Structure formats: structure tokens, C-alpha cells
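These notes are about the structure you will find just below.
In this note's numbering, the protein residues as written are 358 to 727.
Structure, rendered in C-alpha cells:
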């Protein structure tokens with residue numbers, strides 16, 4: 358029996374109380390708020406389940422088992438664990454004293470089938486016209502940010518976007534916890550590694566990003582930008598690595614740019630605020646905003662916005678190209694939200710013709726120059 362098989366068997370044993378939830382395809386997230394309280398997210402809605410661990414010790418044993426197999430430790434000195442199960446599901450655990458009312462365990466389920474644009478259109482998350490626009494922008498090598506809150510489906514959307522990257526490109530994917538699976542053959546996957554108990558051997562997103570630039574990438578995909586690597590990302594975007602795509606936590610496209618600026622200032626390279634802002638404005642072309650609607654749990658792209666630079670007051674200028682509009686409800690209660698064109702043209706409206714991509718234009722004809 359190989360090591361991975363042993364890990365999978367031991368995880369199944371220790372996580373037996375929630376194993377049916379792990380195997381339930383309709384469950385996207387499992388939230389253990391203490392050994393006897395387990396919630397799940399199903400179709401975007403939270404549900405309290407009857408699942409429970411026999412005791413606090415049983416839950417702690419399960420967490421220590423996962424930590425052992427991924428070579429990490431969780432204890433009072435290091436009360437937080439980030440790991441991955443054998444099937445790729447993402448694990449986050451917090452133990453007392455940091456977890457005040459008991460041990461907390463959150464498992465983000467790993468989707469066996471990566472969603473495509475066709476899937477997102479079927480779910481009502483995207484329109485056919487917006488799909489065509491995004492596809493053309495990917496082929497134009499526009500730098501994109503996928504913006505949204507926690508659990509809105511940013512990584513799912515990023516994965517769908519990645520599928521329209523040309524097959525002949527060399528793609529480097531950088532993630533804190535590996536989730537993305539691209540369909541292209543020429544892909545390199547880099548995953549951050551936590552340091553050991555003595556602080557050795559760690560590789561963060563920034564370390565991986567700096568190294569990726571030496572790997573001759575045609576395109577770089579960063580699963581999520583959350584720290585000082587933002588500076589390296591935006592500098593690479595404006596110095597020859599166009600077509601990069603990443604996700605970021607923000608509630609609006611403008612907030613996404615502001616957050617990227619703030620993260621770039623967290624780098625160990627000291628730069629003035631106005632320099633960071635100027636670089637962000639020059640680097641980012643498009644922000645795709647995705648939101649989760651609490652009324653029905655659906656996740657939808659609500660804005661596609663072009664970042665057009667800075668105004669005379671040195672503030673970010675944005676130009677909404679598509680914006681969602683609530684139309685009503687389906688008989689089953691699902692919201693009808695249409696992603697509609699605002700009437701604005703992108704500043705790069707002449708590029709598809711200039712770069713020979715006019716054959717991709719059909720539904721978005723009015724957005725592009727002849």
C-alpha cells in the first residue's frame with residue numbers, strides 16, 4: 358500500500374462522522390463548529406446537519422491525523438492548520454485557545470469536474486455575450502482580476518476563464534493550496550509550502566512568483582493574491598507578462614484595485630503610495646466581479662469593468678462594460694439576473710481587428726471597432 362492510500366484510509370477512519378457529507382456531491386463546504394455542531398453549504402445555502410463527532414478528543418484526533426500526514430503540526434503554539442485531503446479538498450482548522458468555544462474545522466470540497474463557461478451559462482452565472490467578450494479579452498492578453506467575497510466562486514470562474522487560453526502557451530499556475538486543473542498540456546503547477554517547526558523550508562506565494570518569472574511563462578495565473586506578492590504581480594504585468602489572471606477579495610471592482618494597491622504596499626520593498634497606485638492603474642485591464650445572492654444561494658458575475666487609469670485627482674477610473682440587473686424569480690424561487698451591456702465601449706475596442714481576432718466576434722459586434 359502506497360503512502361497516499363494509507364493517508365486516505367486513515368482520513369476516512371478519523372473523519373467517519375462526516376464521511377457521508379464528504380461524499381455528497383451536493384455539499385460544497387463542511388463547517389464543524391465544535392464536535393457536536395456541523396453545518397454544510399448546499400446549493401449556496403447553509404444547513405445544520407445531524408452529524409457530530411463522538412467527543413472533542415475525536416475531532417482533535419482527526420485534525421492531528423491530517424496535520425501528521427501533510428507534515429505540519431497544530432498545537433497551542435501553532436493553533437491554525439491549512440492542509441489538503443487526499444481528494445484535494447481544502448482543510449482549515451483552529452484549536453483552543455484561539456478557538457474560544459471549541460475546535461473549528463472547515464473543509465472546502467474539491468470539485469472533481471472543473472466547471473466550464475457552458476456550465477456557468479446553464480447556472481445563470483454568465484451570459485453568452487459576456488462569455489464571448491471575456492474570451493476575446495483573454496486572447497488579447499488583457500490582465501484580469503476576478504473579484505468577490507469569500508465563497509462567491511472566484512476560483513471556479515478563474516478555472517473557467519483559463520480554459521480559453523490558447524493551447525500553445527506555457528502557463529504557470531501559482532496557488533497557496535492547489536485547486537486549479539487546467540486542460541492545456543503545457544502547464545506547471547506551483548504550490549506554497551509552510552515552514553517546519555524551526556521555520557525552515559517555507560515557500561510563500563511571493564517566493565514562487567519570483568521563481569516563476571525564470572521559467573519562461575507565456576502566462577501566469579495566481580490563485581489568489583493576498584500579500585506582498587501583489588507588487589511582483591503588477592510589476593510583471595507591466596513589464597512583459599501580459600495576460601496574467603488572479604483572484605482577490607473585494608466587494609466592488611474599484612475596491613479590488615484599492616486592495617491590490619494596499620497589498621503591494623505590504624511588500625518588503627518600500628514604495629510611495631502614488632507609485633503603487635500608478636502601477637496598479639497601468640497593470641490591470643479588467644475586473645470581473647462575482648457575487649453570491651443570499652436569497653437563493655446563486656453565484657453570478659455582476660459586473661465586468663475596465664480599469665482605465667487614474668483621474669486628475671489620482672483616483673482610480675473604472676468603466677463598467679457589463680452590469681447585472683435583477684429581473685424577477687423563477688417558479689422554483691431562483692433569481693433571474695441578467696448581465697447586460699452598459700453601452701460603454703472598452704478603450705481597446707480596435708484591438709481585435711488589429712490582432713486578427715475578428716473571427717471571434719459575433720454577439721459583441723457593437724463593442725468593437727470595424
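Even for Gly, the Cβ is constructed at its ideal location relative to N, Cα and C. Just so it is clear, the structure is predicted and the values come from calculations on it, not from any experiment.
Beta strand (DSSP E) containing residue i: first to last residue?
i: residue 435; result: Careful: residue 435 lies outside any beta strand (DSSP E) and carries neither H nor E.
i: residue 689; result: Residue 689 -> no beta strand (DSSP E), and no H or E assigned at all.
i: residue 648; result: 643 to 649
i: residue 547; result: 544 to 548
i: residue 576; result: 576 to 579
i: residue 714; result: Taken as a continuous stretch (DSSP letters only), residue 714 belongs to no beta strand (DSSP E), as it is neither H nor E.
i: residue 502; result: 501 to 505
Tell me the DSSP bridge mates of residue i?
i: residue 673; result: 667
i: residue 311; result: Outside the modelled stretch of the chain, which goes from 358 to 727, sits residue 311, for which no answer is possible.
i: residue 351; result: Because residue 351 is not part of the residues shown, which for the chain are 358 to 727, the question remains open.
i: residue 679; result: 661, 698
i: residue 685; result: 693
Going by Cα to Cα distance, which pick from the options is closest to residue i?
i: residue 476; options: 707, 517, 607; result: 517
i: residue 534; options: 377, 664, 466; result: 466
i: residue 486; options: 719, 727, 725, 726; result: 719
i: residue 726; options: 717, 716, 702; result: 702
i: residue 659; options: 647, 669, 667; result: 647
i: residue 514; options: 425, 548, 468, 398; result: 468
i: residue 667; options: 443, 642, 657; result: 642
i: residue 680; options: 484, 387, 435, 362; result: 484
i: residue 387; options: 405, 599, 506; result: 405
i: residue 472; options: 573, 500, 521, 499; result: 521
i: residue 438; options: 634, 381, 574, 551; result: 551
i: residue 654; options: 482, 361, 407, 365; result: 482
i: residue 382; options: 392, 391, 393, 398; result: 398
i: residue 689; options: 581, 446, 672, 652; result: 652
i: residue 626; options: 619, 376, 588, 661; result: 588
i: residue 494; options: 511, 519, 509, 480; result: 519
i: residue 367; options: 595, 418, 436, 713; result: 418
i: residue 502; options: 612, 695, 710, 715; result: 612
i: residue 402; options: 409, 390, 384; result: 384
i: residue 463; options: 375, 511, 454; result: 375
i: residue 542; options: 557, 525, 549, 530; result: 525
i: residue 748; options: 408, 442, 400, 407; result: As shown, the chain starts at 358 and ends at 727. That puts residue 748 outside it, with no answer to give.
i: residue 452; options: 444, 430, 445; result: 430
i: residue 489; options: 696, 686, 711; result: 696
i: residue 705; options: 693, 496, 605; result: 496
i: residue 635; options: 371, 615, 645; result: 615
i: residue 607; options: 683, 474, 649, 715; result: 649
i: residue 510; options: 619, 480, 599, 500; result: 480
i: residue 677; options: 687, 645, 683; result: 645
i: residue 562; options: 598, 586, 544; result: 586
In the DSSP assignment, the alpha helix (DSSP H) including residue i goes from what residue to what residue?
i: residue 635; result: 630 to 640
i: residue 593; result: 586 to 594
i: residue 537; result: Here residue 537 belongs to no alpha helix (DSSP H), and DSSP marks it neither H nor E.
i: residue 377; result: 376 to 380
Per DSSP, what kind of secondary structure is residue i in: helix, strand or coil?
i: residue 511; result: helix
i: residue 363; result: helix
i: residue 444; result: coil
i: residue 488; result: helix
i: residue 697; result: strand
i: residue 662; result: strand
i: residue 563; result: helix
i: residue 656; result: strand
i: residue 708; result: helix
i: residue 479; result: helix
i: residue 720; result: coil
i: residue 517; result: helix
i: residue 493; result: helix
i: residue 726; result: coil
i: residue 582; result: coil
i: residue 468; result: coil
i: residue 369; result: helix
i: residue 569; result: helix
| message | What ranges does the alpha helix (DSSP H) occupy inside the segment 382 to 433, keeping only unbroken runs of at least 4 residues that lie completely in it? | response | For the segment 382 to 433, whole alpha helix (DSSP H) runs of length 4 or above, ordered along the chain, are 413 to 426.
| What runs of the alpha helix (DSSP H), each 4 residues or longer, lie entirely inside the segment 592 to 628? | Qualifying alpha helix (DSSP H) stretches, in chain order: 610 to 621.
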